[in-house]
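Each remark here refers to the structure printed beneath this line.
There are 2 protein chains.
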Amino acid sequence: MPETTQPGNGQPVLERLEEAECLRLIAPGGIGRLAFSSRYGPTIFPVNYVLFEGTIVFRTVADSHTDEDLRTGIAHAEYKVAFEIDEFDKPAREGWSVLVQGSAHHVESDSERASVLAAGVESWAGGERDLFLRVVPTRITGRRISHPPRTLS
Amino acid sequence: MPETTQPGNGQPVLERLEEAECLRLIAPGGIGRLAFSSRYGPTIFPVNYVLFEGTIVFRTVADSHTDEDLRTGIAHAEYKVAFEIDEFDKPAREGWSVLVQGSAHHVESDSERASVLAAGVESWAGGERDLFLRVVPTRITGRRISHPPRTLS
Numbered sequence: 001m002p003e004t005t006q007p008g009n010g011q012p013v014l015e016r017l018e019e020a021e022c023l024r025l026i027a028p029g030g031i032g033r034l035a036f037s038s039r040y041g042p043t044i045f046p047v048n049y050v051l052f053e054g055t056i057v058f059r060t061v062a063d064s065h066t067d068e069d070l071r072t073g074i075a076h077a078e079y080k081v082a083f084e085i086d087e088f089d090k091p092a093r094e095g096w097s098v099l100v101q102g103s104a105h106h107v108e109s110d111s112e113r114a115s116v117l118a119a120g121v122e123s124w125a126g127g128e129r130d131l132f133l134r135v136v137p138t139r140i141t142g143r144r145i146s147h148p149p150r151t152l153s
Numbered sequence: 154m155p156e157t158t159q160p161g162n163g164q165p166v167l168e169r170l171e172e173a174e175c176l177r178l179i180a181p182g183g184i185g186r187l188a189f190s191s192r193y194g195p196t197i198f199p200v201n202y203v204l205f206e207g208t209i210v211f212r213t214v215a216d217s218h219t220d221e222d223l224r225t226g227i228a229h230a231e232y233k234v235a236f237e238i239d240e241f242d243k244p245a246r247e248g249w250s251v252l253v254q255g256s257a258h259h260v261e262s263d264s265e266r267a268s269v270l271a272a273g274v275e276s277w278a279g280g281e282r283d284l285f286l287r288v289v290p291t292r293i294t295g296r297r298i299s300h301p302p303r304t305l306s
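Residue numbers (the working numbering), protein chains in the order written: chain B, 1 to 153; chain V, 154 to 306.
Structure below.
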C-alpha cells in the first residue's frame with residue numbers, strides 16, 4: 001500500500017509510489033531527464049528514452065562532453081546518474097514523478113548494441129547520436145500529488 | 154544570433170539559446186526540476202517555481218532531507234544545484250529546455266522572506282512547505298529543437 005500523507009477533503013494528497021507502480025508509469029517511454037555531475041557542476045537535460053529490460057535507454061553523441069562526463073575513467077566502474085520522468089495535469093494541479101537512480105552504462109558490445117537498437121529508441125534531435133546509454137537502476141522511487149474531490153459540508 | 158546545427162529541409166534543427174531568450178522562456182514560472190547530489194547520489198525532483206529578481210524561487214519542507222542535503226555545512230558556502238525547465242510539443246517532436254546552474258540559497262532573513270513571499274510561489278503539494286529556496290544562477294543555457302517545414306522536391 002502506498003504511504004499517504006496529508007489526506008483531507010479538497011486538500012492535496014501526496015503519495016509515495018511503489019517500485020512496480022513507478023515501472024508501470026514509465027513503461028511507455030517518451031521524454032525523461034538525465035542528471036549527473038558534469039564538468040560544469042550538476043546538470044540536467046531532457047532525452048527521449050525507452051524502458052528496455054528494466055533499464056532506461058537513450059542515445060547521445062559519441063565522444064561528446066556528455067559521453068566523456070558520464071565515464072569514471074575506470075574500466076567497469078560506472079558513473080552515478082539520476083533519471084526523472086513525470087507527467088502533470090496543470091489545471092488540476094496534479095501529477096506524478098518517478099526518479100530512477102543508478103549507473104550510466106555505455107553500450108559497447110555489438111550484441112548489446114543490436115539488442116538496444118531493436119528497442120527502437122530515437123532522439124528528436126536526430127543527427128549522429130550513435131552512442132546508446134543505459135541507466136541501470138539501483139533505486140526507483142516515485143510520488144503522486146492528487147486532489148480528492150472536495151466534500152460538501 | 155543562436156548557433157544553429159543541422160539545418161536542412163524537414164530535418165530537426167537544434168539551436169543553442171542565448172541567456173536572454175532562456176530568461177524570457179522561464180519567466181512565466183510553473184514546474185521546473187531541481188537536481189543535486191543527495192545522500193542517495195544524484196537526485197532530481199519537480200517543484201513549482203517562480204522567477205523572481207533573476208533567481209528561481211521554490212518552497213520545500215524545513216528540516217527535511219532536501220533542506221539538509223542542500224546545505225554544505227559551512228556558513229555562507231552554498232550548495233551547487235541545477236534547475237531545468239522545459240516545454241515540448243510531442244506530436245511535432247519539438248520543444249525547448251533551459252538549464253540554470255548555480256547555488257542553492259536558503260532564505261533565512263525576515264526581510265528576504267517577505268520579499269519572496271510577495272513573489273507568490275505556491276507548491277501543489279501544499280502542507281508545511283515553509284522553507285524558501287532560491288537558485289542563484291551562475292550559468293544559464295538552453296536549447297530548442299524544431300522541425301522546419303519540409304520543402305517539396
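All residues carry an ideal CB built from backbone N, CA and C; glycine is no exception.
Item	Value
As assigned by DSSP and simplified to three states, the class of B/T76	The amino acid occupying residue 76 of chain B in the given sequence is His; Thr does not appear at that position. If DSSP states are grouped into helix, strand and coil, B/H76 belongs with coil.
Residues that V/I179 contacts on chain B, provided the C-beta gap is smaller than 7 Å	Those within 7 Å of V/I179 in chain B number zero; the least Cβ separation is about 13 Å.
Beta-carbon contacts of B/S123 that lie in its chain and below 6 Å, excluding the five residues immediately before and after	N48, R59 and R129
Exposure label - V/I179; buried when at least 16 CB within 10 Å	buried
Test item: CB-CB of V/R186 and B/I44 under 8 Å	yes
Below-8 Å beta-carbon distance, B/D110 vs any chain V residue	no
Three or more C-beta pairs below 8 Å linking the region 261 to 271 of chain V and the region 239 to 252 of chain V	no
Beta-carbon neighbours of V/A215, restricted to chain B and to distances below 8 Å	Per Cβ cutoff of 8 Å: no residues; V/A215 is ~16 Å from chain B at best.
Pair within 8 Å by beta-carbon distance, V/V214 and V/L223	no
Candidates V/E231, V/L252 and V/A271: closest to V/R292 by CA position	V/L252
Burial state of B/I56 (16 or more Cβ within 10 Å)	buried
Length at least 3, wholly inside the region 169 to 233 of chain V: the beta strand (DSSP E) runs in chain order	183 to 191, 194 to 205 and 208 to 213
Interface residues of chain V facing B/E19 [CB-CB closer than 8 Å]	Near B/E19 there are no residues of chain V at all, since even the closest Cβ is about 14 Å away, more than 8 Å.
Pick from B/T66, B/G29, B/E53 and B/W96 that is closest to B/R39, judged by C-alpha positions	B/T66
Neighbouring residues, chain B, relative to V/P199 (Cβ below 9 Å)	E84, D86, F88, G95 and S97
Closer than 9 Å at the beta carbon, the chain B residues around V/R287	Correct list: empty, because the minimum Cβ distance to chain B is about 16 Å.
Where B/D110 sits in the DSSP three-state scheme	helix
Pairwise C-alpha distance: B/V136 and B/P149	38 Å
Range covered by the beta strand (DSSP E) that runs through B/P91	No beta strand (DSSP E) holds B/P91; DSSP gives it neither H nor E.
Close Cβ partners of V/H300 (< 8 Å) along its chain, the five nearest in sequence each way excluded	G163, Q164, P165, V166, A245, R246 and E247
Contact belief for V/F189 with B/P42 at Cβ below 8 Å, rounded distance in angstroms	6 Å
Which residues DSSP lists as bridging B/L117, in chain order	For B/L117, which the question treats as bridged, DSSP gives no partner whatsoever.
C-beta neighbour in chain V for B/T72, strict 8 Å	no
Chain-order list of residues whose beta-carbon lies under 6 Å from that of V/H258 (same chain, five-residue window excluded)	E231, R287 and V289
Nearest candidate by alpha-carbon position, reference V/Q254, set V/P199, V/G295 and V/P181	V/G295
Residue from B/V121, B/R24 and B/A125 with nearest C-alpha to V/W249	B/A125
Where B/G29 falls, given that 16 or more other Cβ within 10 Å makes a residue buried	buried
Beta carbon proximity, V/P290 to chain B, threshold 8 Å	no
Boundaries (first-last residue) of the beta strand (DSSP E) holding V/G295	L284 to S299
Beta-carbon neighbours of V/I298, restricted to chain B and to distances below 7 Å	W124 and A125
Close beta carbons around B/V116, own chain, < 8 Å, minus the five adjacent residues each side	F52, V57, V107, F132 and R134
Cutoff 8 Å: V/A188 Cβ touching any chain B Cβ	yes
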